[in-house]
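Under the numbering used here, the first residue of the sequence shown carries the number 4, and numbering increases by one thereafter. Where a beta carbon is used, it is the ideal one built from N, C-alpha and C, also for glycine. Below: one structure, written as structure tokens.
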Amino acid sequence: MSAAAPAPEAVGVIGGGRMGSGIAHAFLMAGSTVRLVERDAESSGRAREAVRRALARSAEHGSAAGMTAMAAPDDVLDERFTIATDLDALAGYGLVIEAVPEDHGLKHDALTRAASVLADDAVLATNTSSMSIDALAAGLARPQRFLGLHFFNPVPASALVEIVRGAATDESVIARCRGWIDALGKSAVVVRDSPGFASSRLGVALGLEAIRMLEEGVASAADIDTAMVRGYRHPLGPLRTTDLVGLEVRLAIAEQLATTLGARFEPPALLRRMVAEGRLGRKSGQGFYHWDEEER
């Protein structure tokens, strides 16, 4: 039996929000050196604190996937984590993952600038839950080295990464990323570039139908979720999952899928209203459920 592939030695992450900081944490846990790029000092400070908290939770719970021993969080940060505000700082990195918000312009700009400084054999990835990999690849240097790596929120608790193959993606890049994901202690599925890929398309369809049922008064949020957890053995119900993902994120994905796949993905009025009112789920403290400060 061949030995498992090691984690990449050095990983760059563009964007330090919830997803970017979670991805950075995952690779730090696997032993990689990580450089995160954020837009300014204030954002950098928030990202560093988010990664520090995630490392502290891992140390507390003893979850050191890919590591033989869990170092103190501050030691990990000091030894293997840096933050920069210029994408030029990623030159020489073998894997760079873009994790900025789900906006095509923002993502394409970050990817184009990153591709211009990377070596010919580097792998460039986007963390997106629904955007077209081929559309993001347009105009990129070396599109054969580009693909989607869809991590799930929250990254530390998720066991899956969706590898999204673009039309130009080289098979050797797919294989390499499979090995890296395995080194994170996560499983990979490979899908071709298509609206919503596999996970978002299925997950959003279920979530939207649950919201429609709540809107129609079929059952309470808790009972709808319990039906799926107890009846179908889902680890979380669709409404609680939507709270964790963020209602505004689910709305944006649904709107995008509705333009490509039709009216069955049209967002319910209840979802639009809750987003307009700022009820975004766990991050805001209120969604389909109430979230205490310690739960956020």
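message: Quick check on the DSSP output: the beta strand (DSSP E) that includes Thr-36 runs from which residue to which?
response: 36-40
- request: Could you please give the first and the last residue of the uninterrupted alpha helix (DSSP H) stretch that includes Ser-47?
  value: 44-64
- request: Could you tell me the distance, in whole angstroms, from the CA atom of Ile-256 to the CA atom of Pro-9?
  value: 33 Å
- prompt: Pairing CB atoms from the stretch 39-52 with CB atoms from the stretch 157-174, are three or more of them under 8 Å?
  reply: no
- request: Helix, strand or coil for Glu-101, going by three-state DSSP, please let me know.
  value: strand
Beta-carbon contacts of Arg-145 that lie in its chain and below 7 Å, excluding the five residues immediately before and after: Sequence-distant Cβ neighbours of Arg-145 in its own chain, meaning closer than 7 Å and more than five residues away, are Ala-118, Asp-123.
- prompt: Among the residues of its own chain, which have a CB less than 8 Å from the CB of Ala-191, if the five just before and after it don't count?
  reply: Leu-163, Val-164, Glu-165, Ile-166, Cys-180, Arg-181, Ile-184, Asp-185
message: According to DSSP, simplified to helix, strand and coil, what is Arg-195?
response: strand
message: Output needed for Glu-280: all residues of its chain with C-beta closer than 7 Å, excluding positions within five of it in sequence on either side, in chain order.
response: none
- request: Between the Cα of Pro-270 and those of Gly-210, Gly-220, Glu-296, spot the shortest distance and give me the residue it belongs to.
  value: Gly-210
The beta strand (DSSP E) enclosing Leu-168, as first and last residue numbers: For the sequence presented, residue 168 should be read as Arg rather than Leu. That run of the beta strand (DSSP E) goes 163-168.
message: Taking the alpha carbon of Gly-25 as the reference point, which residue from Glu-12, Ser-61, Pro-11, Ala-13 has its own alpha carbon closest?
response: Ser-61
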